[in-house]
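Residue numbering for the sequence shown follows numbering that gives the first Met the number 0, starting at 0 and increasing by one per position.
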Amino acid sequence: MVRIAEIGDGSIADALELRIGSRILKVNGARVRDGIDFAFLTAEEELRLEVEDPDGTTVVCEISRDPSESLGIVPAPDTIRECANECVFCFIDGNPPGARDPLWLRDDDFRLSFTYGSYVTLTNLGPRGLQRLVDQRLSPLYVSVHATNPELRVRLLKNGRAGLIMDQLRFLLDGGLEVHAQAVLCPDWNDGEELDRTIRELYALGDGILSLSVVPVGLTRYNLNRPVRLLRSGEAVAAIAQTEPIRERALRRRGKHWCYAADELFLIGGCDVPEADYYDDWPLLENGVGALRNLIDGFRAGARRLRPVGGVRRIRVVTGTSMRPWFEGFAPSISAAMKCPVKVVAIENRYFGPSVTVAGLLAGDDILRGAQEDTREGDLVLLPATALNDDRVFIDGVAFSEVAARLAPARVWTGYQIVETLLGDARADLAAATGSRSGMAIESLVTAAEASAGADNGGLPGVASAAATPSANP
């Protein structure tokens with residue numbers, strides 16, 4: 000069942016006098032298990048809703064409507080399905096003691112995969128669960144494969160069901176669904192010949208596997224005792240090279256490169272960042288594949304539109320240590336456009352440890368520790384928006400407002416604020432001139448480079464290598 004969280008004014012639900020807190024039990028005789036069920040079942044013109052009011056009274060509502068007309072019912076969020084694995088690279092073990100409760104949630108929920116692009120392992124789905132995915136056409140899905148060798152995947156995930164992955168993928172593909180696959184690369188585990196096998200066997204499943212991204216494992220100071228280690232530079236270079244043959248083959252046969260190395264691999268390996276055509280139509284931009292190239296191209300396209308801000312005598316750009324060289328390279332152009340000096344402040348992450356180098360995982364206290372000294376009147380301090388959640392709170396629980404107050408008298412903005420203030424309507428012109436991704440790329444000037452969002456890295460995106468947004472992907 001689902002609970003009603005909101006009812007739209009003047010909607011069908013409002014006219015029926017449905018109440019917030021009521022439970023929707025059935026739609027057209029079918030049991031409603033969650034919000035996805037509700038959306039799927041209420042797509043019909045003729046509806047029969049069985050609803051239980053907060054006082055326990057059950058009512059039946061007969062509805063005839065145009066399918067395009069909303070019922071006006073907003074379901075309450077579903078309980079998140081948690082992970083049943085004990086992965087050798089588990090990101091949860093990388094959290095600091097005392098971390099906020101949401102950071103300890105082990106999600107492995109196909110609904111989040113379909114809705115938000117979170118990666119799931121499928122180990123908690125049996126035949127009925129897989130059939131539901133097919134019946135409701137929940138596609139594309141994002142699947143953490145890691146290895147197609149069943150014995151190896153069982154050892155990586157510490158779950159006996161992990162070895163079923165190829166049969167599960169075949170079932171989904173035969174049912175018409177599509178999948179983005181990912182392999183978190185753990186040296187001495189699933190690299191080398193095992194990576195070759197994973198690439199080969201996933202490609203052989205056909206066009207339904209839309210992509211394969213290869214992402215390096217990430218570790219913090221709190222899980223360095225795991226039976227995995229970080230990739231060395233040469234290993235990252237080797238992994239990139241392993242993807243090239245299948246990329247060339249896929250381009251010839253399918254028109255796209257199909258297999259993509261995450262940004263972190265290029266940074267670890269000290270390699271040049273690929274040009275835009277490496278990423279085809281950018282299918283995994285929010286999962287850590289292409290964010291750095293997007294930043295570079297977006298900056299080149301939009302830097303000329305920057306303008307001075309009244310009263311600002313110096314700009315301080317706060318970022319993680321991995322992005323320092325890039326922003327220092329951009330600084331002269333920003334300075335020239337905005338008529339003031341630009342200083343890049345690279346913050347060492349003490350909250351997770353120095354192996355975590357991305358701005359999206361910077362803690363408020365770390366930012367204060369690194370940026371508070373030498374802050375003065377006339378400064379404009381730019382903080383990465385990706386380090387804040389929807390409540391404008393940093394990962395350590397420190398609020399943006401507290402950081403801004405303690406950095407006074409400097410002005411403190413997020414990257415998005417400077418985009419809105421300096422570029423204004425020019426963003427629309429730029430998007431038309433350079434393509435739909437330019438809006439994000441311009442914002443990347445101070446934010447999205449740190450937002451290789453959702454890259455699995457064993458669940459803690461961008462850890463120990465490149466840029467990413469906080470996420471909890473299994």
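Yeah, the Cβ is synthetic: ideal placement off N, Cα and C, and Gly gets one too.
{"Check": "Cβ-Cβ distance between Leu176 and Pro215 below 8 Å", "Outcome": "no"}
{"Check": "Given 8 Å, three or more beta-carbon pairs between the stretch 182-191 and the stretch 61-69", "Outcome": "no"}
{"Check": "Exposure of Asp134, with buried meaning 16 or more beta-carbon neighbours within 10 Å", "Outcome": "exposed"}
{"Check": "Straight-line gap, Arg299 to Lys342 (C-alpha atoms, nearest Å)", "Outcome": "19 Å"}
{"Check": "Contact under 8 Å by Cβ, Leu387 with Phe399", "Outcome": "yes"}
{"Check": "Bounding residues of the alpha helix (DSSP H) (the contiguous stretch that carries Ser232)", "Outcome": "Ser232 to Arg253"}
{"Check": "DSSP three-state assignment for Ser69, whether helix, strand or coil", "Outcome": "coil"}
{"Check": "Nearest-angstrom Cα separation, counted from Ala238 out to Asp395", "Outcome": "34 Å"}
{"Check": "Extent of the continuous alpha helix (DSSP H) run through Glu51", "Outcome": "Element bounds for Glu51: not the alpha helix (DSSP H) but the beta strand (DSSP E), Glu45 to Glu51."}
{"Check": "C-alpha gap between Met0 and Arg30, whole angstroms", "Outcome": "7 Å"}
{"Check": "Val317 vs Gly363 beta-carbon contact at 8 Å", "Outcome": "no"}
{"Check": "Start and end residues, alpha helix (DSSP H) containing Glu376", "Outcome": "Taken as a continuous stretch (DSSP letters only), Glu376 belongs to no alpha helix (DSSP H), as it is neither H nor E."}
{"Check": "Touch test, the stretch 347-367 against the stretch 328-336, Cβ-Cβ under 8 Å, three pairs minimum", "Outcome": "no"}
{"Check": "Beta-ladder partner(s) of Trp412, from DSSP", "Outcome": "Leu381"}
{"Check": "Alpha carbon of Cys89 to alpha carbon of Val288, nearest angstrom", "Outcome": "21 Å"}
{"Check": "Contacts around His145, its chain only, beta-carbon distance under 7 Å, and the 5 residues preceding and following it disregarded", "Outcome": "Arg152, Leu155, Ala182, Val183 and Asn189"}
{"Check": "Contact belief for Leu168 with Leu132 at Cβ below 8 Å, rounded distance in angstroms", "Outcome": "The pair is not a contact, with the Cβ atoms about 11 Å apart (cut-off 8 Å)."}
{"Check": "Closest residue to Pro66 among Arg32, Ile11 and Glu49 (Cα-Cα distance)", "Outcome": "Ile11"}
{"Check": "Close Cβ partners of Trp412 (< 8 Å) along its chain, the five nearest in sequence each way excluded", "Outcome": "Leu379, Val380, Leu381, Leu382 and Thr420"}
{"Check": "Thr558 classed as buried or exposed, judged by whether at least 16 other C-beta atoms fall within 10 angstroms", "Outcome": "The chain is shown from 0 up to 473; residue 558 falls before or after that span and cannot be answered."}
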